[in-house]
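One structure is given here, and the rest of the page talks about it.
Number of protein chains: 2
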Amino acid sequence: MVSIQYNPVTSVIAEELREIVGERYVIFNDTEKLEPFSHDEIPGKGYRAMPEIVIRPRTAAEIAEIVKLANREMIPITPRGAGSGLSGGAVPIHGGIVISVDRMNSILEVDLKNMMIVVEPGVIANEINEHVKEHGLFYAGYPMSLETCFIGGNVAENAGGGKAVKYGVTSRYVLGLEIVTPTGEIVELGGKLVKDVTGYNMVQLMVGSEGTLGFFTKIILKLIPRPKYQVDLLCLFDSSESAINTVPRLMTGSGYIPTSIEFMDQASVKAACDYLNESIPYEKCGAMLLLSVDGMEEEQVIREYEAIGTLCRECGAQEVYVADNASTSERIWKIRRNIAEAYNLFYPRQSGEDIVVPPASIPEMVAEFRRLEQKYCVPIPCYGHAGDGNLHARISSDPNWTDEQWEEILPQILAEVYRKTAECGGRISGEHGIGHKRKKYMRTVVSEEYLNMLRVVKRGLDPNNIMNPGKIFDL
Amino acid sequence: MVSIQYNPVTSVIAEELREIVGERYVIFNDTEKLEPFSHDEIPGKGYRAMPEIVIRPRTAAEIAEIVKLANREMIPITPRGAGSGLSGGAVPIHGGIVISVDRMNSILEVDLKNMMIVVEPGVIANEINEHVKEHGLFYAGYPMSLETCFIGGNVAENAGGGKAVKYGVTSRYVLGLEIVTPTGEIVELGGKLVKDVTGYNMVQLMVGSEGTLGFFTKIILKLIPRPKYQVDLLCLFDSSESAINTVPRLMTGSGYIPTSIEFMDQASVKAACDYLNESIPYEKCGAMLLLSVDGMEEEQVIREYEAIGTLCRECGAQEVYVADNASTSERIWKIRRNIAEAYNLFYPRQSGEDIVVPPASIPEMVAEFRRLEQKYCVPIPCYGHAGDGNLHARISSDPNWTDEQWEEILPQILAEVYRKTAECGGRISGEHGIGHKRKKYMRTVVSEEYLNMLRVVKRGLDPNNIMNPGKIFDL
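Each protein sequence line maps, in turn, to chains A and B.
The first sequence begins at 1 in the working numbering and counts up by one.
The second sequence begins at 1001 in the working numbering and counts up by one.
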């Protein structure tokens, strides 16, 4: 590990930064106003760190100037979107400058002829779809925080979400980026091109790099024709086991690829329903699958959901509810989207996991979480994107435990979780990122040689280790 | 540009290499047997270079040993698949060692539960589909050379092909790689995971890196359910212009995304038909579009192709032929696949281009090629993956010109082609790669800052510049 020697942000530097972006877009020497930039959505205080200064630039040119200054003065920079992350990626763990993109929130172009959209990083993910809907177009990204998260953060973390089984994750839709490099150059990567082998795929190297390799200032996204029909199925099973065992059969048994295969155990549904004051009949069942089917042809969508519903019944579903109108669909999806929020409220001490395994190993992982629940006497409710092999498990503290007990037991549970994940050929994050939360666990699933490849890339592109240092791995 | 000092392959080194892979798998001091490894499918002699030694290893461990030896002795290594490339990627321009993967040709695993296949790099692309067909599965890669090209080369070049409009290019299906790094370590990247953000996306950095960043020894590919129905439409238009102007409307006008949108001008169809001794009614028309539609539902496929056929007629198609059985489909696609081969025979002096532009700019590029045909009095037949914005233009020499005339005029034409491509926001290669053929033209479409980013990555991962040096860019 290389020791990092950063310098503090002095009043003189703050003044220089004010000159770049304008006085009103700088927060300095104001603990109360700086505090919201000291954390993301990870509950608890363990992953917080205060920035020395927050800057809200408007242009790539301003960011380039800031990055050059940061290199000159050896001050770390942490890019920040909506702060809705779940791995501490936007937290300035070495202090320094936080650059917020909240003012870079314009939709720059809807290119109907090429079916693409060009946006700034501070656009809220959901706005993209609202914006292109009238043209019969569709952006397929659907992270659970879509009503608040910024597209820049989605690209930085390579967000997955609820429609990835059919449509893939964010990376599939990112065709081009304008970035400010860690040394302060403005560079175009990719473009309005659906294929391109003119040099290495730097676009895809940037997607998911958690702000450590460059600052995104412009994003070109591919759009697709908007599916005209969508039906959601809520399938109730008697146990987690019977629900999750259905997932591999859903992927391979019907010949259809559903848009979504979401798993929610009873505890997860209950938490979200309590939080939203909503009622769906979860008491009777041990777990649910939320499935979606969409397409251009009504008859086809009907055939698909009937085939999938039949398969679920064959696999032991007690009930299959069909939601074929927008308001019922939204009601169900709102429950799914609010599980995380609900848990944050009801279990103040917890660790939200994001493991990903080969899709067929999902039942094995759920069984492992059930075993660990018994062994350590902790609730580990599970939910997530089962069709992608991506499970969110919320390892939650017994409320009677002391902080010390929790801090002693959690690492033991995590060690077992990650060992099993590795055994299945899995990884510790499917969509939330490594950030600084999971950094120390990287070696449980990847080799030192792999990490050295990442280090070499990082050192080459960011020789002073200025851009979001201390995330993903240590140098 | 860094000067490169490589050492020759001495008899002592040849002996050491024989010990690693076995005597019969080494070609040394035998010009006749080395010659086939001195070129790929680029016609003419301009891009040839002889290897000093050719090695045909069987395992990743052998390759790791070879790479370590090459680093110790400062000898360049050029990985080679089937030699079906079109940019000189597999040509050993600095001599040294060519490593052929022809013996690494096993399908290691068909994982039905995860819908994935694990293959070695020397497997012929088409074999993958033949192998998984019986399971109702499908590998969506369809390069025109699929009957001969190796999957390792497809991944190294990020091959596109005939089904990319709907299914995307090779990269979408590459989930994991085992590689030997340029310093001789065996490293696993990705895995049987459909999503994964545990570190940078090194898999996608490798895909399309033309063997300059690592040697692929194992490839994990995603499979999808095999479409049950496919229909091809051959649409005849009176001119290139009317055919190509139809493409943007096909992409956005029907709400359907066809599987394929291939453009062939009259000269291209004629060349392939002459070569194959095949007859289709090309005399009456100026250009054709070959369109495919596929899906799980017969009715849906019918509706889609009818909508698309109607749109073509509205756009001025003279005739729309429907090929709804496998043998007619194969006949038409064979013509499309053999255009390149036919041109190599009929136009010994030519430059096969592979430009890619935003899909809606395709008509503008075809018009530019027609203008350049007039201006320089050369035939420039065009064909290619119009739905992806990827055009293959064959700039062909007047047979009466001297070599000197050709070598004087070709660069002028290319300069104009690439200038227009850049104006459209395009790049100089959509799927064939840069290799050493297009290296000198990189700066016409990308910035020096972008090239510097590539250099930094290459230098970091390959400090001795051992792996396929001199390709894509100079250090």
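No residue lacks a Cβ here, since even glycine has one placed at the ideal position from N, Cα and C.
Item                                                                                                                                                                                   : Value
Please report the straight-line C-alpha distance between W406 of chain A and S351 of chain A, rounded to a whole angstrom.                                                             : 10 Å
Would you report the Cα separation of T1310 of chain B and S1327 of chain B, rounded to the nearest angstrom?                                                                          : 24 Å
Does any residue of chain B have a CB that is nearer than 8 Å to the CB of N390 of chain A?                                                                                            : yes
Taking the alpha helix (DSSP H) that Y1321 of chain B belongs to, which residues open and close that run?                                                                              : Unbroken run through Y1321 of chain B is the beta strand (DSSP E), E1319 to A1323; no alpha helix (DSSP H).
Since V1180 of chain B contacts A1267 of chain B with CB under 8 Å, what's their CB separation in whole angstroms?                                                                     : That belief does not hold up - the Cβ atoms of V1180 of chain B and A1267 of chain B are roughly 44 Å apart, past 8 Å.
Which stretch, first to last residue, makes up the beta strand (DSSP E) that contains I1179 of chain B?                                                                                : V1174 to V1180
Which bits of chain B does K166 of chain A rub up against, with CB to CB less than 9 Å?                                                                                                : In chain order: nothing, as chain B lies at least about 10 Å away.
Check whether the Cβ of T1444 of chain B sits closer than 7 Å to any heavy atom of the ligand NAP, and report yes or no.                                                               : What this structure holds is no ligand at all, so the ligand NAP is not there to describe.
How far does the beta strand (DSSP E) with D388 of chain A in it reach, from first residue to last?                                                                                    : Premise fails: D388 of chain A is in no beta strand (DSSP E) and is neither H nor E.
Checking 8 Å against the spacing of the C-beta atoms, do G1136 of chain B and G255 of chain A come in under that value?                                                                : yes
Closest to L461 of chain A by C-alpha separation, out of A:L108, A:E185 and A:P121, would be which residue?                                                                            : A:E185
So F237 of chain A and G316 of chain A are in contact, right, with Cβ under 8 Å, and what is the actual spacing, rounded?                                                              : 6 Å
Does Q1412 of chain B pass the burial test, meaning 16 or more other C-beta atoms within 10 Å, or should it be called exposed?                                                         : exposed
Secondary structure at Y1376 of chain B, three-state DSSP: helix, strand or coil?                                                                                                      : helix
Counting beta carbon pairs with one atom in the segment 1329-1343 of chain B and one in the segment 1265-1281 of chain B, are three or more of them shorter than 8 Å?                  : yes
Strictly under 8 Å for the Cβ-Cβ distance: is S1240 of chain B near chain A by that measure?                                                                                           : no
Just the chain A side, please: which residues come within less than 8 Å of G1470 of chain B by C-beta, in chain order?                                                                 : Ordered by position in chain A, no residue passes the 8 Å Cβ test against G1470 of chain B, which lies about 15 Å from the chain.
What would DSSP say about C235 of chain A, mapped onto helix, strand or coil?                                                                                                          : strand
Starting from T252 of chain A, follow the alpha helix (DSSP H) in both directions and report where the run begins and ends.                                                            : S240 to T252
Rounding to the nearest angstrom, what Cα-Cα distance links R1349 of chain B and S1429 of chain B in this structure?                                                                   : 20 Å
So, are the CB atoms of P248 of chain A and A360 of chain A less than 8 Å apart?                                                                                                       : yes
If we count the other Cβ atoms within 10 Å of its Cβ and call it buried at 16 or more, is R1438 of chain B buried or exposed?                                                          : buried
Exposed or buried, which one is D1354 of chain B when buried takes at least 16 other CB atoms within 10 Å?                                                                             : buried
Take every Cβ of the segment 1165-1184 of chain B, pair it with every Cβ of the segment 1206-1221 of chain B, and state whether three or more of those distances are shorter than 8 Å. : yes
Looking only at DSSP bridge pairs, what is I1099 of chain B linked to?                                                                                                                 : B:I1055 and B:P1079
Look at the alpha carbon of S1240 of chain B and the alpha carbon of I1302 of chain B, and state the distance between them as a whole number of angstroms.                             : 27 Å
On the three-state DSSP scale, how would you describe K218 of chain A?                                                                                                                 : strand
By the 10 Å Cβ neighbour count, where 16 or more other Cβ atoms means buried, how is G89 of chain A classified, buried or exposed?                                                     : buried
When the distance is taken between beta carbons, is T148 of chain A closer than 8 Å to S84 of chain A?                                                                                 : yes
Relative to the C-alpha of H392 of chain A, which residue among A:H432, A:K420 and A:G168 is closest?                                                                                  : A:H432
Going by CA-CA distance only, name the one from B:Q1204, B:E1210 and B:R1080 that's closest to K1471 of chain B.                                                                       : B:E1210
Can you pull the chain A residues whose beta carbon is under 9 Å from the beta carbon of I1257 of chain B, in chain order?                                                             : I224 and P225
Quick check: L1213 of chain B and P1182 of chain B, are their CB atoms within less than 8 Å of each other?                                                                             : yes
Name the chain B residues that come within less than 7 Å of K439 of chain A, Cβ to Cβ?                                                                                                 : None at all; the shortest Cβ gap to chain B is about 10 Å.
By the criterion of Cβ-Cβ separation under 8 Å, what are the contact partners of G208 of chain A in chain B?                                                                           : V1197, Y1200 and N1201
Residues in its own chain within less than 7 Å of C1285 of chain B by CB, not counting five upstream and five downstream?                                                              : L1236, F1237, D1238, Q1266 and Q1318
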